[in-house]
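Chains as they are written, first to last, in our numbering: chain B, 1 to 202; chain F, 1001 to 1202.
We treat Cβ as the ideally placed atom computed from N, Cα and C, and that holds for glycine.
There are 2 protein chains.
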Amino acid sequence: MPKDTIVFVLLEGFADWEYGPLAGELADPQVDHPAFDVRYASDTLDLKTSIGGMRMQPDITLEQIPQDAAALVLIGGTSWKLPVAQAVAPIAERFLQEGKVLAAICDAARFLGANGLLNAHQHTLNFAEDTAGEALYRNAAGYRPEEAVRDRNLVTANGNAPYVFAREVLRALGTPEAEAVKWYEFYTLGFHKAIAKYYPNN
Amino acid sequence: MPKDTIVFVLLEGFADWEYGPLAGELADPQVDHPAFDVRYASDTLDLKTSIGGMRMQPDITLEQIPQDAAALVLIGGTSWKLPVAQAVAPIAERFLQEGKVLAAICDAARFLGANGLLNAHQHTLNFAEDTAGEALYRNAAGYRPEEAVRDRNLVTANGNAPYVFAREVLRALGTPEAEAVKWYEFYTLGFHKAIAKYYPNN
């Protein structure tokens, strides 16, 4: 059975720590749930440099994002306020309208709000004020001061919560609840407490 | 003043979530402490693919690691048991002997043990048994079942603890204690609790 594709959008200045936990879990062939085909899209196929100074080779351009991808994940960074990001908005809107998973963390969540894509869903942002003055944002009542918020097929998170973000994306993708929680606790309880809880005979 | 260089070693199959928190903090020019020049080294300059399926362009080969780099950070992944990793051992040994920071997470910590580089320092591993049968490992008494252990210039951590690992590397690099703790708490207390604690007027 072909694997479902999940596309991460990484622009110049992307945040290393925001994509890693989710990408590693989704693509790892050794995990319990079916691993996904994770693809990295950017505005061009030129190398993109992360905040951490890593140079990343995009797999596809934004125009090449497959129509049948299961999810679109927008990773925060320093480019979401720049013109180069605007081409992402209609793609994100299509995922949202088709009921596919759309996930955005940190400034990418603000980007969705600024483009009118948080108006029908509960959501979070780094700060509630991040979308102040944005003409297309009309859902201040839907803001929740949580680390991550999942409302149907939309997941938003602040940039300090990549593990909560990843857990909510796993849930949105239909990962069994016990598995999503187990994965999250492995990275937040601490390794030895998690081993004691889940593998007491190890 | 030229920035100190910190070299991350990423081999094929590196763990995305293990390098990200530390790299983002060290390289970010917006942080409080002087940002470092973070460089990514690998066995060749060919693209290397992470567990998360990201293709990374190394900056330098192992042979090109600067003699005057301030720290060497070995990121876990699927290649540390392969012959390709062996060339890293003498480089790591040089950093350790010169008193520079040597840090290794997950299977890279086991790699240090297997190459006799954990014999004079307290350390951790994913499991204490990871170095069982390794002829050059003679320091079972120095193993600590912690998420991360810092002993002088050596930092080791298990693969589920990238934030504890990063905090200990920041400390080893001389980051002021309050700053290291503040950074760690931002990513582990939760964004809103951290804001309330550190920026109560925000």
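- Item | Near-chain B residues of the segment 1147-1181 of chain F (beta-carbon distance less than 7 Å), N- to C-terminal order | Glu1147, Asn1158, Asn1160 and Ala1161
- Mind pulling the chain F residues with CB within less than 7 Å of Val73 of chain B? By Cβ distance, chain F contributes nothing, its closest Cβ being about 11 Å from Val73 of chain B, past 7 Å.
- If we call anything under 8 Å between Cβ atoms a contact, is Ile75 of chain B one with Ala15 of chain B? yes
- For Tyr184 of chain B, I'd like the list of residues in its chain whose CB is within less than 7 Å of its CB, leaving aside the five on either flank, ordered along the chain. Tyr163 and Arg167
- Under three-state DSSP, which class holds Asp151 of chain B? strand
- Query: Which residue spans inside the segment 95-167 of chain B form an unbroken alpha helix (DSSP H) run of at least 4?
  - Reply: 107-114
- What residues from chain B crowd round Tyr1143 of chain F, counting only those whose CB sits closer than 8 Å? Those do not exist, as Tyr1143 of chain F stays about 12 Å from chain B at its closest Cβ, beyond 8 Å.
- Item | Rounded separation between Arg103 of chain B and Leu112 of chain B - CA only | Note on residue identity: the sequence assigns Ala, not Arg, to residue 103 of chain B. Cα to Cα, the separation comes out at about 10 Å.
- Query: Is Phe1191 of chain F near Ala108 of chain B, with beta carbons less than 8 Å apart?
  - Reply: no
- Per DSSP, which residues does Val4 of chain B bridge with? Please list them. Sequence inspection shows Asp at residue 4 of chain B; the Val mentioned does not correspond to that position. Paired residues: none, contrary to the question.
- Message: Assess contact between the segment 1064-1082 of chain F and the segment 44-60 of chain B, defined as three or more Cβ pairs (one per stretch) separated by less than 8 Å. Is contact present?
- Response: no
- Between the CA atoms of Glu1093 of chain F and Tyr1137 of chain F - distance to the nearest angstrom: 14 Å
- Message: Taking the straight line between their C-alpha atoms, what separation do you get for Gly116 of chain B and Ala35 of chain B?
- Response: 32 Å
- Please state whether DSSP places Lys81 of chain B in a helix, a strand or coil. coil
- Rounded separation between Glu129 of chain B and Ala157 of chain B - CA only: 15 Å
- Query: Can you give the Cα-Cα distance for Val31 of chain B and Pro1083 of chain F, rounded to whole angstroms?
  - Reply: 25 Å
- Query: Three-state secondary structure (DSSP) at Phe36 of chain B?
  - Reply: coil
- Query: In chain F, what lies closer than 7 Å to Ala132 of chain B by C-beta?
  - Reply: Under the 7 Å cutoff, chain F gives no residues; its nearest Cβ is about 14 Å from Ala132 of chain B.
- Of the residues that make up the segment 41-58 of chain B, which ones have a beta carbon closer than 7 Å to any beta carbon in chain F? Leu47, Ile51, Gly52, Gly53, Met54, Arg55, Met56 and Gln57
- Query: Ordered along the chain, which non-local residues of its own chain (more than five positions away) have a Cβ less than 6 Å from that of Asp1151 of chain F?
  - Reply: His1121 and Gln1122
- Query: Can you give the beta carbon distance from Gly1013 of chain F to Gly52 of chain B, rounded, assuming they're within the 8 Å contact cut?
  - Reply: Contact doesn't hold; Cβ gap of about 19 Å is too wide.
- Message: When you compare the CB positions of Met54 of chain B and Arg1055 of chain F, do they come within less than 8 Å of one another, or not?
- Response: no
- Counting only the same chain and skipping the five closest in sequence on each side, list residues whose C-beta sits under 8 Å from that of Pro1200 of chain F. none
- Task: Please work out which residues of its chain come closer than 8 Å, Cβ to Cβ, to Thr1124 of chain F, disregarding the five sequence neighbours upstream and downstream, and give them in chain order.
- Result: Ala1109, Tyr1143, Arg1144, Pro1145, Glu1146, Glu1147, Ala1148, Val1149, Thr1156, Ala1157 and Asn1158
- Task: Starting from Thr1061 of chain F, follow its DSSP beta bridges and name the residues at the other end.
- Result: F:Ser1042
- Shortest alpha-carbon distance to Ala1041 of chain F belongs to which of F:Leu1189, F:Leu1170 and F:Ile1065? F:Ile1065
- Task: Measure from the C-beta of Ala27 of chain B to each C-beta in chain F and report whether the shortest distance is under 8 Å.
- Result: yes
- Query: Taking 7 Å as the cut-off, is the CB of Ala180 of chain B close to at least one heavy atom of the ligand COA?
  - Reply: This structure does not include the ligand COA; it has no bound ligands of any sort.
- Message: Our contact map puts Val987 of chain F next to Leu1118 of chain F with C-beta atoms below 8 Å; I'd like the distance itself, whole angstroms only.
- Response: Since the displayed chain F opens at 1001 and closes at 1202, residue 987 of chain F lies outside it and no answer follows.
- Could you tell me the boundaries of the alpha helix (DSSP H) in which Ala71 of chain B lies? Not the alpha helix (DSSP H): Ala71 of chain B falls in the beta strand (DSSP E), residues Ala71 to Leu74.
- Query: Beta carbon of Val1007 of chain F, beta carbon of Ala1069 of chain F: below 8 Å?
  - Reply: yes
- Query: If you drop the 5 nearest sequence neighbours on each side, which residues of the same chain put their C-beta closer than 6 Å to that of Leu1205 of chain F?
  - Reply: Outside the shown range of chain F, which is 1001 to 1202, sits residue 1205 of chain F, and nothing can be said about it.
- Item | Spatial neighbours of Arg171 of chain B in its chain, beta-carbon cut-off 8 Å, leaving aside the 5 residues before and after | Arg150, Glu177 and Ala180
- Under a three-way DSSP split, which group does Val31 of chain B fall into? coil
- Message: Would Ala70 of chain B pass as an interface residue toward chain F - the criterion being a Cβ-Cβ separation below 8 Å?
- Response: no
- Message: Determine whether the beta carbon atoms of Leu10 of chain B and Phe165 of chain B lie at a separation below 8 Å.
- Response: no
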